[in-house]
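Keeping their order, the protein sequence lines are chains A and B. Reminder that position 399 of the first sequence reads as 1088 in our numbering, one-by-one numbering, no gaps. Reminder that position 360 of the second sequence reads as 1049 in our numbering, one-by-one numbering, no gaps. Every residue, glycine too, gets a C-beta built ideally from N, C-alpha and C. See structure below.
Protein chains: 2
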Amino acid sequence: MPRLVMKFGGTSVANLDRIRNAAERVRLEVEKGYDVIVIVSAMSGKTNELVGWVNEISPLYDAREYDAVVSAGENVTAGLMALTLQEMNISARSWQGWQVPVQTTDAYANARIEEIPCKNLKEKFGEGMRVAVVAGFQGVSPQGRVTTLGRGGSDTTAVAFAAAFDAERCDIYTDVDGVYTTDPRISEKARKLDKIAFEEMLELASLGAKVLQTRSVELAMRFNVRVRVLSSFEEPSDEAGTLVCAEEEIMESNVVAGIAYSRDEAKMTLISVADRPGIAAAIFGPLSKAGVNVDMIVQNISEDGRTDMTFSCPTNQVLRAEKAMQDAKENGNINFHKLVADEAVAKVSVVGIGMRSHAGVAAQMFEALHTEGINIKVITTSEIKISVLIERKYMELAVQTLHDAFELNKAV
Amino acid sequence: MPRLVMKFGGTSVANLDRIRNAAERVRLEVEKGYDVIVIVSAMSGKTNELVGWVNEISPLYDAREYDAVVSAGENVTAGLMALTLQEMNISARSWQGWQVPVQTTDAYANARIEEIPCKNLKEKFGEGMRVAVVAGFQGVSPQGRVTTLGRGGSDTTAVAFAAAFDAERCDIYTDVDGVYTTDPRISEKARKLDKIAFEEMLELASLGAKVLQTRSVELAMRFNVRVRVLSSFEEPSDEAGTLVCAEEEIMESNVVAGIAYSRDEAKMTLISVADRPGIAAAIFGPLSKAGVNVDMIVQNISEDGRTDMTFSCPTNQVLRAEKAMQDAKENGNINFHKLVADEAVAKVSVVGIGMRSHAGVAAQMFEALHTEGINIKVITTSEIKISVLIERKYMELAVQTLHDAFELNKAV
Chain A
690 MPRLVMKFGG
700 TSVANLDRIR
710 NAAERVRLEV
720 EKGYDVIVIV
730 SAMSGKTNEL
740 VGWVNEISPL
750 YDAREYDAVV
760 SAGENVTAGL
770 MALTLQEMNI
780 SARSWQGWQV
790 PVQTTDAYAN
800 ARIEEIPCKN
810 LKEKFGEGMR
820 VAVVAGFQGV
830 SPQGRVTTLG
840 RGGSDTTAVA
850 FAAAFDAERC
860 DIYTDVDGVY
870 TTDPRISEKA
880 RKLDKIAFEE
890 MLELASLGAK
900 VLQTRSVELA
910 MRFNVRVRVL
920 SSFEEPSDEA
930 GTLVCAEEEI
940 MESNVVAGIA
950 YSRDEAKMTL
960 ISVADRPGIA
970 AAIFGPLSKA
980 GVNVDMIVQN
990 ISEDGRTDMT
1000 FSCPTNQVLR
1010 AEKAMQDAKE
1020 NGNINFHKLV
1030 ADEAVAKVSV
1040 VGIGMRSHAG
1050 VAAQMFEALH
1060 TEGINIKVIT
1070 TSEIKISVLI
1080 ERKYMELAVQ
1090 TLHDAFELNK
1100 AV
Chain B
690 MPRLVMKFGG
700 TSVANLDRIR
710 NAAERVRLEV
720 EKGYDVIVIV
730 SAMSGKTNEL
740 VGWVNEISPL
750 YDAREYDAVV
760 SAGENVTAGL
770 MALTLQEMNI
780 SARSWQGWQV
790 PVQTTDAYAN
800 ARIEEIPCKN
810 LKEKFGEGMR
820 VAVVAGFQGV
830 SPQGRVTTLG
840 RGGSDTTAVA
850 FAAAFDAERC
860 DIYTDVDGVY
870 TTDPRISEKA
880 RKLDKIAFEE
890 MLELASLGAK
900 VLQTRSVELA
910 MRFNVRVRVL
920 SSFEEPSDEA
930 GTLVCAEEEI
940 MESNVVAGIA
950 YSRDEAKMTL
960 ISVADRPGIA
970 AAIFGPLSKA
980 GVNVDMIVQN
990 ISEDGRTDMT
1000 FSCPTNQVLR
1010 AEKAMQDAKE
1020 NGNINFHKLV
1030 ADEAVAKVSV
1040 VGIGMRSHAG
1050 VAAQMFEALH
1060 TEGINIKVIT
1070 TSEIKISVLI
1080 ERKYMELAVQ
1090 TLHDAFELNK
1100 AV
């Protein structure tokens, strides 16, 4: 029988009524003839409660114990979902990560899935089981201890099961009804996309459009798993949600797929750095060691053997970045005049695989921002993305302006 | 190093402060030189919440899924306890049932422990671990699924670990400070016992003195595990609580150790049953199949080939008992005039191993009740226990009267 993976996030299983509602959706797919693997998150709020306790006991916790604690919520939902399905006369059973087993690395609290042996579940499907309910977000390490996959990890569990079991599709049920051209809270013209390419979704996810965990999109792209993002609060329909799929499956699309933004950016500039071979490594090595997530990097033209080096990072890492740079200066590893931090900036990006074949997107973007008098502080580009740092107070205006400029309210 | 098992019940780990308090007690024992196995229950209220959800979804639930759900609370506490101990610089780690593994039967929701292999924990103790924190109440079936041991099962987990690891003692921390001669809420003269024999504790536990799960006492008796019941809310002391131990370890004791009671009893009488060989089996077979826990049984002297048969059971099973008897009558398996249920009775028992060598305890008991005008409806006796059914309204008076009559307020 064809297989389907259905993943329900925390708000979709927040209480028994919602679990029943989710189970109804599973029933529809079972009746269509699918064998279904259901991946569940913890009931909303539960994991936060557990994380809170761990942090209160020990800010520098043993990640192995953290995982043993915070994985509990998914086990509860998995059992409750299996019971609910059984009440509907559907043959179902629950599986905890170690029972499958979902084999992961031993990077506790942030483990990666290494393998999902299919034997146990396939055996049960062969015996007539129609639904396997699997606790998301968790696995088991080579040492036989419980691991978790990082926040939002249930998305990754779902995609990994879809890949391992060669599922026709992986449906991710969440509290939004799909992927939008931009955040509807910022632009009321935001339009839901029917389809989006893996590469675009990856850029949007990593740029702060928090619909899917970034790693789950990477995995979907690698194994070509078709992922549908949809809401568990809407009427079931075959056209619901947004399909994240290979570029080839999208016949026509806008040049730009969406506008992403990130509010909490800071721009850091090292003024008058001695420019010598290896200077970038001398700067960004210590930043990386200090746990600073450097995003954009720009190096000015060198003059008289000195240059300015600008980079961006999340605002809550500014203090760490400053300390790392001062330490490096005191150790004599780098030499600069001063470090200027601008914490009132935001990042706005246009994303679209169409850029590869359409020139002029960057020019159109800069022109639109210029017309509104928005000054660009830093620019970076990739093959399918152009990002700019601007003053934070212009962020909403910039998103709306670009959404209009690329006519994202209209489908092609 | 000598080993100790310490078990903390739900109220002893109800929040992070109490977990810290419990961990402090563990630290004292570690500092005395013990390697400690800590068994934890779920934080109080958690298991009830989970059980409530399961019952709401499905009153006739799949016990395998019930176990998967209700075992979650202990895993949380085990991790939190390990983290708390680590914060005190004590080398500790948590173990879930399947990790040890605690091997049980597959009688889900009411499984029995079959074996506890010591290899994994001993290896860690050998490497310098001082405390193994084990999630109580749970195990793993031969099919690799999670099992639970029935309510109060963490006591049994604790005693089983003490037996398997040859622990010097098994300390059960709870919200009462020991075992009393009777319920202090009924008699203010109730006295805490320093020691009590396994056999006596077994009778008290099964008679409703809900300090320890009955099965844990059976296990302690079989493997001669010294069990200390004490409160986690009192100052630590070597004399705290009550030691449950072999008879030989108790030099002197009262003839009667305690007075137990059970409030929710019903007395059922089948009037004018045709008395023939096999009649008892014909009556009690169907009752057992209907899930009626028959306790006391009395058969009147037979007259003209007919007799009256009286038995007691919990009041909430009266309807089931009546249905089972009517069905048996309609099927022609038994024949009786009518069934009379008296739901206003209670059971009061005196328990003590001293009875074996002291005659006259029964006479003294009946005389004391008679003096207060309390009529006895049914009597049963065992080697170390005499139980009577009386009108429920006299229950408190009967307990107080018997406590006085046997001078239980005074130690020998």
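Taken in chain order, the complete alpha helix (DSSP H) segments of 4 residues or longer contained in the segment 879-945 of chain B are 887-895, 903-912.
In the pairwise beta carbon analysis, the segment 876-888 of chain B is classified as not touching the segment 703-718 of chain B: fewer than three pairs are separated by under 8 angstroms. Following the DSSP letters along the chain, one finds proline 1003/A inside the beta strand (DSSP E) bounded by residues 995-1003. Under the Cβ distance rule, serine 921/A does not count among the residues neighbouring chain B, no pair being separated by less than 8 angstroms.
Taking a contact as a CB-CB distance under 8 angstroms, the pair isoleucine 948/A and valine 1034/A does not count as one, their CB atoms being some 17 angstroms apart.
Its Cα nearest to that of arginine 858/A, the residue Tyr723/A stands out among Ala1017/A, Glu1072/A, Tyr723/A, Val765/A.
Using a Cβ distance threshold of 8 angstroms, alanine 800/B and glycine 768/A do not count as a contacting pair. Secondary structure remark: continuous alpha helix (DSSP H) runs of at least 4 residues inside the segment 818-877 of chain B, in chain order: 842-853.
Using a 10 angstroms sphere on the CB of isoleucine 805/B, the tally of other CB atoms reaches 16 or more, which defines it as buried. Rounded to the nearest whole angstrom, the C-alpha separation of glutamine 785/A and arginine 692/A is 20 angstroms. Runs of the beta strand (DSSP E) spanning 3 or more residues and lying entirely within the segment 1040-1075 of chain B occur at 1065-1071, in chain order. Distance from the CA atom of arginine 874/B to the CA atom of glutamate 1085/B, rounded to whole angstroms, is 10 angstroms. For valine 743/B, a Cβ of chain A is located within less than 8 angstroms of the residue's own Cβ. At least one CB atom of chain A sits nearer than 8 angstroms to the CB of alanine 771/B.
Setting aside the 5 residues that flank it on each side, alanine 1051/B is surrounded in the same chain by Ile1075, each with a C-beta closer than 6 angstroms to its C-beta; the list follows chain order. For lysine 696/A, the enclosing beta strand (DSSP E) begins and ends at 692-697.
For aspartate 1016/B, the enclosing alpha helix (DSSP H) starts and ends at 1007-1019.
Scanning chain B for C-beta atoms nearer than 8 angstroms to the C-beta of alanine 757/A yields Asn764, Ala767, Gly768, Ala771, Ser783, Gln785, reported in chain order. For valine 1034/A, the three-state secondary structure derived from DSSP is strand. For a cut-off of 8 angstroms, the C-beta gap from threonine 794/B to glycine 825/B is around 17 angstroms, too long to register as a contact. At a C-beta separation below 7 angstroms, isoleucine 746/B has these neighbours in chain A: Leu705, Leu769, Leu772, Thr773, Glu776. By the CB criterion at 8 angstroms, phenylalanine 973/B and valine 983/B fall inside the cutoff. Taking 8 angstroms as the upper bound for CB-CB distance, alanine 852/A and phenylalanine 912/A are in contact here, some 4 angstroms apart.
In this structure, the beta-carbon distance from alanine 796/B to alanine 781/B does not fall below 8 angstroms. Shown here, methionine 1084/A sits in a helix according to DSSP, grouped into three states.
In this chain, leucine 749/B is not harboured by any beta strand (DSSP E), its DSSP state being neither H nor E.
Taking the CA atoms as reference points, valine 944/A sits about 41 angstroms from threonine 836/A. Against alanine 761/B, the close residues of chain A are Ala761, Asn764, Val765, in the order they occur along the chain (beta-carbon pairs closer than 7 angstroms).
Between threonine 1004/B and glutamate 1080/B, the C-beta spacing is not below 8 angstroms.
Pairwise C-beta distances place the segment 1055-1063 of chain A out of contact with the segment 1010-1019 of chain A, as fewer than three of them are shorter than 8 angstroms. By the rule that beta-carbons nearer than 8 angstroms mark a contact, glycine 1041/B does not touch chain A. Around the Cβ of alanine 1100/A, a 10 Å sphere holds fewer than 16 other Cβ atoms; the residue is exposed.
Going by beta carbons, alanine 1010/A and alanine 970/A fall outside the 8 angstroms limit. At a Cβ-Cβ threshold of 8 angstroms, threonine 700/B and aspartate 864/B count as neighbours. Within the segment 695-738 of chain B, the alpha helix (DSSP H) runs of at least 4 residues that lie entirely inside it are, in chain order, 705-720.
Of the candidates Val743/A, Asn737/A, Glu745/A, Leu774/A, Asn737/A places its Cα closest to the Cα of glycine 762/A.
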